[in-house]
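Reviewing the structure listed below.
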Amino acid sequence: MADVATLVEQARTGHPRAVARLISLVENAAPQLREAMAALAPHTGHAYTVGLTGSPGVGKSTSTNALVSAYRRRGKRVGVLAVDPSSPFSGGALLGDRVRMQDHATDPEVFIRSMATRGHLGGLSWSAPQALRVLDGAGCDVILVETVGVGQSEVEVAAQADTTVVLLAPGMGDGIQAAKAGILEIGDVFVVNKADRDGADATARELNHMLGLGEGRRPGDWRPPIVKTVAARGEGVDEVVEALEKHRAWLSGTGELAVRRTRRAAQEIEAIALAALRSRIGDLRGDRHLLGLAERVAAGDLDPYGAADHLVAGLTESTR
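Each residue of the sequence shown is one higher than the one before, starting from 1 at the first, in full-length UniProt numbering.
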């Protein structure tokens with residue numbers, strides 16, 4: 001395997017194998033990961049990240065494929081991070097999303113990567129933030145993040161995207177589900193896909209009504225548009241791109257883009273720090289100190305909160 005500096009340089013020139021290897025470093029939490037992130041850092045912050053979420057069957061993969069085509073027509077380099085459910089046996093991803101995106105398999109300006117959730121809830125993989133940094137540093141103009149599609153808990157995508165697209169489809173009860181889940185709160189653009197089916201207009205009206213009920217916006221705030229598409233035929237996709245570009249301009253003009261990216265970086269830093277602490281606590285599980293605390297709690301001599309304070313104090317002192 002090439003050294004990290006060479007991989008980063010190759011990735012910057014659009015070498016797909018180098019990008020793939022860097023993302024593999026992320027997924028495997030390889031020792032070279034810190035070096036790779038440090039080398040990529042000066043080249044990040046330019047990509048526009050769009051998250052796509054929605055219930056299973058609404059056409060997320062088909063819509064993602066159509067958006068890739070639309071952005072390629074505009075001459076953009078596109079990265080796709082498609083998060084698939086993990087196999088309970090191998091821990092790998094099904095790769096079903098990549099099957100639907102074979103139209104772009106030979107395009108050197110499109111990089112598609114499927115990642116397994118590996119049990120992580122919220123619709124995204126734990127390593128997704130670092131994978132996004134790799135695609136950003138590799139020179140992608142637009143990154144599309146497609147979530148697992150497990151249902152109502154997929155709000156985490158909003159924390160990783162500049163713009164979040166929520167997809168619905170007629171005849172699937174998505175409007176009622178969205179109201180229950182609060183998914184309306186994370187959508188910047190709403191897409192009613194499969195609009196050639198009966199009930200598409202009713203779904204759009206119901207969605208518009210629910211958005212109105214939740215209005216608490218001030219003058220100048222963004223009001224999410226509703227766009228109807230038939231992604232399988234490419235109908236309405238250009239209108240989605242226009243809505244995305246309008247939201248991107250609004251984000252830049254109001255300063256909200258910087259706010260969202262700073263919040264995203266803070267969450268990423270916190271996740272890395274917590275993972276390091278969990279690892280250190282895991283190393284203590286066979287330690288006499290932790291075992292002694294556990295015995296005292298089991299005997300009723302110490303409460304678990306007090307024991308946890310002792311443990312944290314021990315970790316803090318060891319870092320000085």
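Even glycine gets a Cβ: it sits at the ideal position worked out from N, Cα and C.
*Measuring CB to CB, does Val-230 end up less than 9 Å from Asp-196?*
On the sequence shown, residue 230 is found 230 positions in, with the first residue counted as 1. On the sequence shown, residue 196 is found 196 positions in, with the first residue counted as 1. In terms of Cβ geometry, Val-230 and Asp-196 form a close pair [threshold 9 Å].
*Between Ser-24 and His-209, what straight-line distance do the alpha-carbon atoms span, to the nearest angstrom?*
For the purposes of this step, residue 24 is taken as the residue at position 24 of the sequence shown. For the purposes of this step, residue 209 is taken as the residue at position 209 of the sequence shown. Roughly 44 Å separates the two Cα atoms.
*Assigned exposure category for Asn-28 - 16 Cβ within 10 Å defines buried*: Looking up residue 28 in the sequence shown gives position 28. Exposed is the call here.
_Contact between the stretch 186-205 and the stretch 161-171 is defined here as three or more beta-carbon pairs at a separation below 8 Å; is this criterion met?_
With a cut-off of 8 Å, the stretch 161-171 and the stretch 186-205 count as touching, because enough Cβ pairs lie within range.
*What whole-angstrom Cβ distance do Leu-40 and Arg-133 have, given they're in contact under 8 Å?*
Taking the sequence shown and counting its residues from 1, the one referred to as residue 40 is at position 40. Taking the sequence shown and counting its residues from 1, the one referred to as residue 133 is at position 133. The C-beta distance from Leu-40 to Arg-133 rounds to 6 Å, short enough to meet the 8 Å contact threshold.
*Where do the ends of the alpha helix (DSSP H) carrying Ala-186 lie?*
Translated into positions along the sequence shown, residue 186 becomes position 186. In the sequence on display, residue 186 carries Ile and not Ala. Membership of Ile-186 in any alpha helix (DSSP H) is not indicated, and neither H nor E is assigned to it by DSSP.
_Please state the DSSP three-state secondary structure of Arg-113._
The sequence position of residue 113 within the sequence shown is 113, counting from 1. When secondary structure is reduced to three states using DSSP, Arg-113 falls in the strand class.
*Quick one: what does DSSP say Val-191 is sitting in, helix, strand or coil?*
Residue 191 sits at position 191 when you count from the first residue of the sequence shown. The answer is strand: DSSP assigns Val-191 an E or B state.
*asked:* For Arg-73 and Leu-277, I'd like the C-alpha separation in whole angstroms.
replied: Translated into the one-based positions of the sequence shown, residue 73 becomes position 73. Translated into the one-based positions of the sequence shown, residue 277 becomes position 277. Their Cα atoms are separated by approximately 46 Å.
*DSSP state of Lys-76, grouped into three classes?*
Along the sequence shown, one-based indexing puts residue 76 at 76. Residue state for Lys-76 is assigned as coil, using DSSP reduced to three classes.
*asked:* Could you check whether the Cβ of Ala-243 sits closer than 9 Å to any Cβ belonging to chain D?
replied: This model lacks chain D altogether, as it is built from one protein chain only.
*Hey, quick one: how far does the alpha helix (DSSP H) through Thr-203 stretch, first residue to last?*
Translated into positions along the sequence shown, residue 203 becomes position 203. Taken as a continuous stretch (DSSP letters only), the alpha helix (DSSP H) holding Thr-203 covers 200-213.
_6 Å CB neighbourhood of Leu-33 in its chain, flanking five on each side removed_ = The residue you call residue 33 lines up with position 33 of the sequence shown. These residues qualify, in order along the chain: Leu-25.
*Alpha carbon to alpha carbon, how far is Leu-213 from Leu-207? Give it in angstroms, no decimals.*
The sequence position of residue 207 within the sequence shown is 207, counting from 1. The sequence position of residue 213 within the sequence shown is 213, counting from 1. Going by the C-alpha atoms only, they are around 10 Å apart.
*Could you tell me whether the Cβ atoms of Pro-219 and Asp-188 are closer together than 9 Å?*
Translated into positions along the sequence shown, residue 219 becomes position 219. Translated into positions along the sequence shown, residue 188 becomes position 188. Contact annotation: Pro-219 and Asp-188 have beta-carbon atoms that are not nearer than 9 Å.
*Taking buried to mean at least 16 other C-beta atoms within 10 Å of its own C-beta, is Ile-279 buried or exposed?*
As a first step, residue 279 is located in the sequence shown; it is residue number 279 there, counting from the start. A quick correction: the sequence has Ser, not Ile, at residue 279. With fewer than 16 other Cβ atoms within 10 Å, it is exposed.
*Look at the Cβ atom of Glu-146, then the Cβ atom of Ser-61, and state whether they are nearer than 9 Å.*
Here residue 146 refers to the residue found at position 146 when the sequence shown is read from its first residue. Here residue 61 refers to the residue found at position 61 when the sequence shown is read from its first residue. A Cβ-Cβ contact shorter than 9 Å links Glu-146 with Ser-61.
*What does a CB cutoff of less than 8 Å around Pro-108 pick up in its chain, not counting 5 residues either side in sequence?*
Residue numbering aside, residue 108 sits at position 108 when the sequence shown is read from its first letter. So the list reads Gly-14, Pro-16, once near-sequence residues are dropped.
*asked:* Taking the alpha carbon of Thr-163 as the reference point, which residue from Arg-248, Ala-36, Gly-236 has its own alpha carbon closest?
replied: In the sequence shown, residue 163 corresponds to position 163, counting from 1. Measuring C-alpha to C-alpha distances from Thr-163 to each of Arg-248, Ala-36, Gly-236 identifies Arg-248 as the nearest.
*For Ile-281, which residues from the same chain have a beta carbon less than 6 Å from its beta carbon, with the 5 sequence-adjacent residues on both sides left out?*
Taking the sequence shown and counting its residues from 1, the one referred to as residue 281 is at position 281. Counting only Cβ-Cβ distances below 6 Å, and skipping sequence neighbours, we find nothing.
*asked:* I'd like to check one pair, Val-165 with Leu-244: are the Cβ atoms closer than 9 Å?
replied: Here residue 244 is taken as the residue at index 244 of the sequence shown, counted from 1. Here residue 165 is taken as the residue at index 165 of the sequence shown, counted from 1. For Leu-244 and Val-165, yes; Cβs fall inside 9 Å.
*With a Cβ-Cβ cutoff of 9 Å, do His-104 and Val-78 count as a contact?*
Position 104 of the sequence shown, counted from the first residue, corresponds to residue 104. Position 78 of the sequence shown, counted from the first residue, corresponds to residue 78. In contact: His-104 and Val-78 (Cβ atoms closer than 9 Å).
*Could you pull the start and end residues of the alpha helix (DSSP H) that Val-58 belongs to?*
Looking up residue 58 in the sequence shown gives position 58. Following the DSSP letters along the chain, one finds Val-58 in no alpha helix (DSSP H), marked with neither H nor E.
*Use the C-beta contact count for Leu-293: other C-beta atoms within 10 angstroms, 16 or more gives buried, fewer gives exposed.*
Residue numbering aside, residue 293 sits at position 293 when the sequence shown is read from its first letter. Residue environment for Leu-293: buried (at least 16 other C-beta atoms within 10 angstroms of its C-beta).
_Rounded to the nearest angstrom, what separates Leu-144 and Arg-296 at their Cα positions?_
Within the sequence shown, the letter at position 144 stands for residue 144. Within the sequence shown, the letter at position 296 stands for residue 296. The alpha-carbon separation between Leu-144 and Arg-296 amounts to approximately 51 Å.
_With H, G and I counted as helix, E and B as strand and the rest as coil, what does DSSP make of Thr-64?_
Walking along the sequence shown from the start, residue 64 turns up at place 64. Reduced to three states, the DSSP call for Thr-64 is helix.
_Is the separation between the beta-carbon of Leu-52 and that of Ser-69 shorter than 9 Å?_
For this step, residue 52 is matched to residue 52 along the sequence shown. For this step, residue 69 is matched to residue 69 along the sequence shown. In terms of Cβ geometry, Leu-52 and Ser-69 do not form a close pair [threshold 9 Å].
*Distance between Ile-112 and Ala-313 (C-alpha atoms, nearest Å)*: Against the sequence shown, residue 313 aligns to sequence position 313. Against the sequence shown, residue 112 aligns to sequence position 112. Whole-angstrom Cα-Cα distance: 44 Å.
*Let me know if Asp-309 comes out buried or exposed under the rule of 16 or more other beta-carbons within 10 Å of its beta-carbon.*
On the sequence shown, position 309 is the one that residue 309 refers to. Exposed is the call here.
*Among Asn-193, Val-58, Ala-38, which one has its Cα closest to the Cα of Ala-5?*
Translated into the one-based positions of the sequence shown, residue 5 becomes position 5. If we check each option's Cα against that of Ala-5, Ala-38 comes out closest.
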